[in-house]
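In my numbering, the protein residues as written are 1 to 97. For each residue, glycine too, the CB sits at the ideal point set by N, CA and C. Being a predicted model, the structure only gives us computed values, none of them experimental. To keep things clear, I will list the structure first and then write my remarks on it.
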């Protein structure tokens, strides 16, 4: 089990409230809001940390990807093989192909 899978297992054991709190903590390292693909709709909707969540309901074009430079992605060893989580789905989805 890699670090990302361990995080998912940890999150799955938490209550919804605790899980949401933990995700808010993890968002502190997220670079999605400064990515060239991020747009005003995504900002207004509070969308981010797409690698952990699902793809954006707002973003419809890929204008560049910062996933490989993201501290969150680096900490959990993701963002090298997969990217553009905002358009292509979270890490789990992309791993399943």
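Asked: Please classify residue 72: does DSSP put it in a helix, a strand, or coil?; Found: helix
Asked: Leaving aside the five residues before and after residue 80 along the sequence, list all residues of the same chain whose C-beta is less than 7 Å from its C-beta, in chain order.; Found: 68
Asked: Spatial neighbours of residue 3 within its chain, please: CB distance less than 8 Å, with the 5 preceding and 5 following residues excluded, ordered by chain position.; Found: 75, 76 and 77
Asked: Rounded C-beta distance between residue 29 and residue 72? I'm assuming under 8 Å.; Found: 4 Å
Asked: Take residue 60 and list the residues in its own chain whose beta-carbon comes closer than 6 Å to its own, dropping the five residues that flank it on each side.; Found: none
Asked: Excluding five sequence neighbours on each side, which residues of the same chain lie with their C-beta closer than 8 Å to the C-beta of residue 9?; Found: 1
Asked: What whole-angstrom Cβ distance do residue 86 and residue 32 have, given they're in contact under 8 Å?; Found: 7 Å
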